[in-house]
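>
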Amino acid sequence: MGQRAAHGLGQQHRCAANVRRQPGAHRGDVCAGLQRRSLRQAGKHRPSAALAPGAALRRGGGADRANGPGRGRGAARAGGGGTPMTAKRPEYAHLQQILKRGVAEIIVEREFVDLLNSGRPLRLKQGFDPSAPDIHLGHVVGLRKLRQLQDLGHTVVLIVGDWTAQIGDPSGRSATRPMLSAEQVASNAQSYLQQFFKVVDPKKTEVRRQTEWFDGFDLSDVIRLTRRFTVAQILKRDDFATRFDENQPIAVTEMLYPLLQAYDSVMVQADVEFGGTDQRFNNLLGRELQVQVGQRPQQVFLVPLLVGTDGAQKMSKSLGNYIGIAEPPEQMYGKAMSIPDALILNYFALLTDVPQPELDEYAKALAAGSANPMEMKKRLAEDLVRQFHGSDSAGKAADHFRRVVQEKEHPEDVPSLAVPFSRATASDNDLIAGADGDGVKIHIARVLVRAGLASTTGEARRLLAQGAVRVDGRKLGPDDLIVRAAAESMVQVGARRFVRLVDAG
RNA sequence: GCAGGGGUGGGUGAGUGGAUAAAACCGCCAGACUGUAAAUCUGGUGCCUCACGGCUACGCAGGUUCGAAUCCUGCCCCCUGCACCA
5 MGQRAAHGLG QQHRCAANVR RQPGAHRGDV CAGLQRRSLR QAGKHRPSAA
55 LAPGAALRRG GGADRANGPG RGRGAARAGG GGTPMTAKRP EYAHLQQILK
105 RGVAEIIVER EFVDLLNSGR PLRLKQGFDP SAPDIHLGHV VGLRKLRQLQ
155 DLGHTVVLIV GDWTAQIGDP SGRSATRPML SAEQVASNAQ SYLQQFFKVV
205 DPKKTEVRRQ TEWFDGFDLS DVIRLTRRFT VAQILKRDDF ATRFDENQPI
255 AVTEMLYPLL QAYDSVMVQA DVEFGGTDQR FNNLLGRELQ VQVGQRPQQV
305 FLVPLLVGTD GAQKMSKSLG NYIGIAEPPE QMYGKAMSIP DALILNYFAL
355 LTDVPQPELD EYAKALAAGS ANPMEMKKRL AEDLVRQFHG SDSAGKAADH
405 FRRVVQEKEH PEDVPSLAVP FSRATASDND LIAGADGDGV KIHIARVLVR
455 AGLASTTGEA RRLLAQGAVR VDGRKLGPDD LIVRAAAESM VQVGARRFVR
505 LVDAG
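Numbering (the working numbering), first residue to last: 5 to 509.
#1: Whose CA, out of Val453, Met380 and Val304, lies closest to the CA of Val503?
#2: Quick check on DSSP: helix, strand or coil for Glu210?
#3: Is the beta carbon of Gly165 less than 9 Å from the beta carbon of Phe132?
#4: Check whether the region 147 to 165 touches the region 208 to 222, taking contact to mean three or more Cβ pairs, one atom from each stretch, closer than 8 Å.
#5: Hey, Gln130 and Phe278 are a contact pair by Cβ (cut 8 Å); roughly how many whole angstroms apart?
#6: So for Thr257, helix, strand or coil by DSSP?
#7: Which of the three DSSP states, helix, strand or coil, is assigned to Gln317?
#8: What is the rounded straight-line gap between the Cα of His11 and the Cα of Pro344?
#9: Closest by CA to Ala186, which one among Leu162, Val203 and Thr215?
#10: Can you have a look at Thr281 and say buried or exposed, based on whether 16 or more other CB atoms are within 10 angstroms of its CB?
#11: Quick test of the definition: if touching needs 3 or more C-beta pairs under 8 Å, does the region 385 to 394 touch the region 331 to 339?
#12: Considering only residues of the same chain and omitting the five flanking positions on each side of Gly399, which have a CB-CB separation below 8 Å?
#13: If Val272 and Ile163 are in contact, beta carbons under 8 Å, what's the gap, nearest whole angstrom?
#14: Using 10 angstroms around the beta-carbon of Val270, count the other beta-carbons present and answer buried if the total reaches 16, otherwise exposed.
#15: Output needed for Ile348: all residues of its chain with C-beta closer than 8 Å, excluding positions within five of it in sequence on either side, in chain order.
#16: What would DSSP say about Gln299, mapped onto helix, strand or coil?
#17: Ala437 and Lys445: beta carbons closer than 9 Å?
#18: Between the region 283 to 302 and the region 310 to 327, are three or more C-beta pairs nearer than 8 Å?
#19: How would you write the range of the alpha helix (DSSP H) that Val226 sits in, first residue to last?
#20: Leaving out five residues before and five after Gly490 in sequence, what residues of the same chain have Cβ atoms less than 8 Å from its Cβ?
#21: With DSSP run on the structure shown, which of helix, strand or coil describes Leu38?
#22: Mapping the DSSP letters down to three states, classify Leu306 as helix, strand or coil.
#23: Quick one: any contact between the region 189 to 204 and the region 216 to 228, if contact means 3 or more CB pairs under 8 Å?
#24: Provide the residue span of the beta strand (DSSP E) that contains Gln470, from first to last.
#25: What is the DSSP secondary structure of Ala372, reduced to helix, strand or coil?
#26: Between Gly477 and Met494, what straight-line distance do the alpha-carbon atoms span, to the nearest angstrom?
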């Protein structure tokens with residue numbers, strides 16, 4: 005995906021691994037999300053009959069369940085390669101693990117189990133909002149489930165919410181739903197996929213874009229869609245109900261989004277939709293719409309919301325209590341070490357493959373006080389880093405933590421700041437305060453700001469006053485605004501922020 | 001359109017003429033302590049300045065006053081209800 009070079013209409017372009025074509029779809033539609041601008045300019049973006057907007061809604065509610073619309077799409081799929089025609093049935097213990105560990109609720113569990121045992125490869129729907137392209141551990145809980153099912157032979161259908169992302173939240177009230185340009189969406193999607201495939205198997209993934217079906221939607225299609233649901237139904241969603249009761253605004257647009265998401269399920273003929281427990285309502289709506297248009301209703305697989313590193317709220321980027329899977333190993337390890345002790349077992353259960361009996365041992369040891377929680381967290385931190393960066397990086401991150409955080413040594417890689425030491429006397433550089441026979445004196449507050457260790461000189465002064473600043477290990481006081489330094493001097497703020505001064509010549 | 005409520009520092013939110021760079025809480029930063037970057041405790045937290053001091057700030061623009069986040073006028077924006085059903 006994201007072959008950004010492939011912009012010209014006539015050019016060949018490739019899509020993400022295994023993106024599949026809808027039978028009869030206009031050539032190029034598959035990559036529509038990335039290509040739509042050029043397609044539009046050329047005025048050729050006519051949806052095919054098969055993808056005709058709203059077609060599913062116009063169809064009678066008749067049940068062609070046996071044939072299930074699209075279940076006979078084997079021909080198209082075969083072209084995609086990689087998807088086996090049958091899926092493995094899980095052993096009992098394996099099944100229990102899939103159903104119970106890291107799962108909040110499965111609607112309807114009985115039906116889901118039947119599907120798993122049918123041997124038919126299932127279509128596992130997972131949505132993605134391109135306005136938030138960073139995957140953190142909270143998302144990983146669900147992604148791991150997808151992977152487990154892929155390993156049995158099932159297919160993940162990733163829906164890129166490119167259409168809604170380009171609309172955003174027109175009220176402008178939600179900072180988390182900005183309006184994105186096609187380019188932004190494309191670039192976000194690219195970085196998302198890169199992270200996504202650290203957990204999910206790309207060979208068993210089908211990437212689809214909402215624009216494939218929503219670009220051609222017209223008003224009558226929208227009305228047809230809204231006709232399927234009542235306001236009372238929509239208001240049952242918890243956050244709507246709450247806001248309605250509290251006289252908080254609810255934009256009509258917002259009520260539309262769940263409908264669109266439900267329509268996605270219809271378009272990809274999802275067998276199961278995955279999401280956090282906060283997606284319960286939306287996913288059930290998809291189930292409902294599928295029944296209405298004669299599809300087999302999708303199962304709803306809900307995973308618990310992971311508690312963030314603050315130990316209180318759900319992990320989210322906007323709350324700043326997250327661990328991103330694209331973060332550097334050291335940072336990931338460190339953040340994992342900072343979770344409250346009470347979260348250790350939860351993280352092990354939801355984010356690692358450490359077998360259950362072993363987890364039971366951990367729980368016992370923790371309760372009895374016979375294990376040091378710190379050691380256990382180290383095991384957790386290393387396991388997590390290994391999953392996203394490999395064993396080598398995990399080992400290095402562990403080593404880095406021990407040396408820098410626990411033994412308070414300098415890290416190996418310290419960013420540097422250029423200071424013109426060697427031509428200090430002639431310099432009018434504002435970092436240099438003066439020079440004499442004994443060496444160079446620098447303006448430490450400005451150095452801290454320039455190095456990014458403080459955001460303003462006022463803050464730098466405060467840090468000095470608090471005894472947080474060291475130069476070559478020597479602690480500075482509130483009056484030490486002008487201090488001696490030299491090339492290779494190590495400037496340190498707090499326990500773990502360093503910068504090395506180098507000569508700018 | 002009518003009526004009512006509201007717009008304060010990174011967030012929530014107090015403050016209704018002066019002692020207020022503006023309570024409190026959260027967040028953030030630092031110090032101590034420790035088993036960690038956990039918990040706890042302590043301190044700090046608009047910008048510039050070595051300093052004296054200066055500057056900016058309570059939706060926007062004016063005004064009253066020795067003095068305004070606080071009063072007046074106009075404007076902008078948000079919310080709720082009513083009206084409107086095109």
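Note that CB positions come from ideal geometry on N, CA and C, so glycine has one too.
Looking at the coordinates:
#1: Taking the first residue of the first sequence as 1, we reach residue 503 at position 499. For the set Val453, Met380 and Val304, the Cα lying nearest the Cα of Val503 is the one of Val453.
#2: What you label residue 210 is simply residue 206 of the first sequence in a count that begins at 1. In the three-state DSSP reduction, Glu210 falls in the strand class (E or B).
#3: Working through the first sequence from its first residue, we reach residue 165 at position 161. Working through the first sequence from its first residue, we reach residue 132 at position 128. Against a cut-off of 9 Å, the Cβ pair of Phe132 and Gly165 comes out as a contact.
#4: Output reads yes: the region 208 to 222 touches the region 147 to 165.
#5: As a working note, residue 130 is residue 126 in the first sequence. As a working note, residue 278 is residue 274 in the first sequence. For a cut-off of 8 Å, the C-beta gap from Gln130 to Phe278 is around 5 Å, short enough to register as a contact.
#6: As a first step, residue 257 must be located in the first sequence, where it is residue number 253. Secondary structure of Thr257 (DSSP, three-state): helix.
#7: For this step, residue 317 is matched to residue 313 along the first sequence. Coil.
#8: Residue mapping note: residue 11 aligns to position 7 of the first sequence, counting from 1. Residue mapping note: residue 344 aligns to position 340 of the first sequence, counting from 1. The predicted model places His11 with a pLDDT of 34, which falls under 50 and marks its position as unreliable; any figure quoted below should be read in that light. Going from the Cα of His11 to the Cα of Pro344 covers about 48 Å.
#9: Against the first sequence, residue 186 aligns to sequence position 182. The option with the nearest alpha carbon to Ala186 is Thr215.
#10: As a position in the first sequence, residue 281 is number 277, starting the count at 1. It is exposed - the Cβ of Thr281 has fewer than 16 other Cβ atoms within 10 Å.
#11: Yes, they touch.
#12: As a working mapping, residue 399 is identified with position 395 in the first sequence. These residues qualify, in order along the chain: Glu386.
#13: For the purposes of this step, residue 272 is taken as residue 268 along the first sequence, with counting starting at 1. For the purposes of this step, residue 163 is taken as residue 159 along the first sequence, with counting starting at 1. For a cut-off of 8 Å, the C-beta gap from Val272 to Ile163 is around 7 Å, short enough to register as a contact.
#14: The sequence position of residue 270 within the first sequence is 266, counting from 1. With 16 or more other CB atoms across the displayed protein chains lying within 10 angstroms of its CB, Val270 is buried.
#15: Taking the first sequence and counting its residues from 1, the one referred to as residue 348 is at position 344. Once the five neighbours on either side are set aside, the close Cβ partners of Ile348 are Tyr366, Leu370, Pro377, Met380, Lys381 and Leu384.
#16: Indexing the first sequence from 1 puts residue 299 at position 295. Of the three classes helix, strand and coil, the one that applies to Gln299 here is coil, per DSSP.
#17: Taking the first residue of the first sequence as position 1, residue 437 is located at position 433. Taking the first residue of the first sequence as position 1, residue 445 is located at position 441. Against a cut-off of 9 Å, the Cβ pair of Lys445 and Ala437 comes out as a contact.
#18: The region 283 to 302 makes no contact with the region 310 to 327: fewer than 3 CB pairs, one atom from each, lie closer than 8 Å.
#19: Within the first sequence, the letter at position 222 stands for residue 226. Here the alpha helix (DSSP H) through Val226 covers Leu223 to Thr230.
#20: Locating residue 490 in the first sequence gives position 486, where the first residue counts as 1. Strictly speaking, residue 490 in this sequence is Ala, with Gly absent from that position. So the list reads Phe425, Gly443, Val444 and Leu505, once near-sequence residues are dropped.
#21: Mapped onto the first sequence, residue 38 falls at position 34. A caution first: Leu38 carries a pLDDT of 32, below 50, which makes its placement in the model unreliable, though a value can still be read off. Three-state DSSP puts Leu38 in a helix.
#22: One-based indexing of the first sequence puts residue 306 at position 302. Look at Leu306 here: in three-state DSSP terms it is strand.
#23: Contact between the region 189 to 204 and the region 216 to 228 is absent: fewer than three C-beta pairs spanning the two stretches fall below 8 Å.
#24: Along the first sequence, one-based indexing puts residue 470 at 466. Unbroken run through Gln470: none, as it is neither H nor E.
#25: As a position in the first sequence, residue 372 is number 368, starting the count at 1. It is helical.
#26: Taking the first sequence and counting its residues from 1, one reaches residue 477 at position 473. Taking the first sequence and counting its residues from 1, one reaches residue 494 at position 490. In this model, Gly477 and Met494 are separated by some 8 Å (Cα to Cα).
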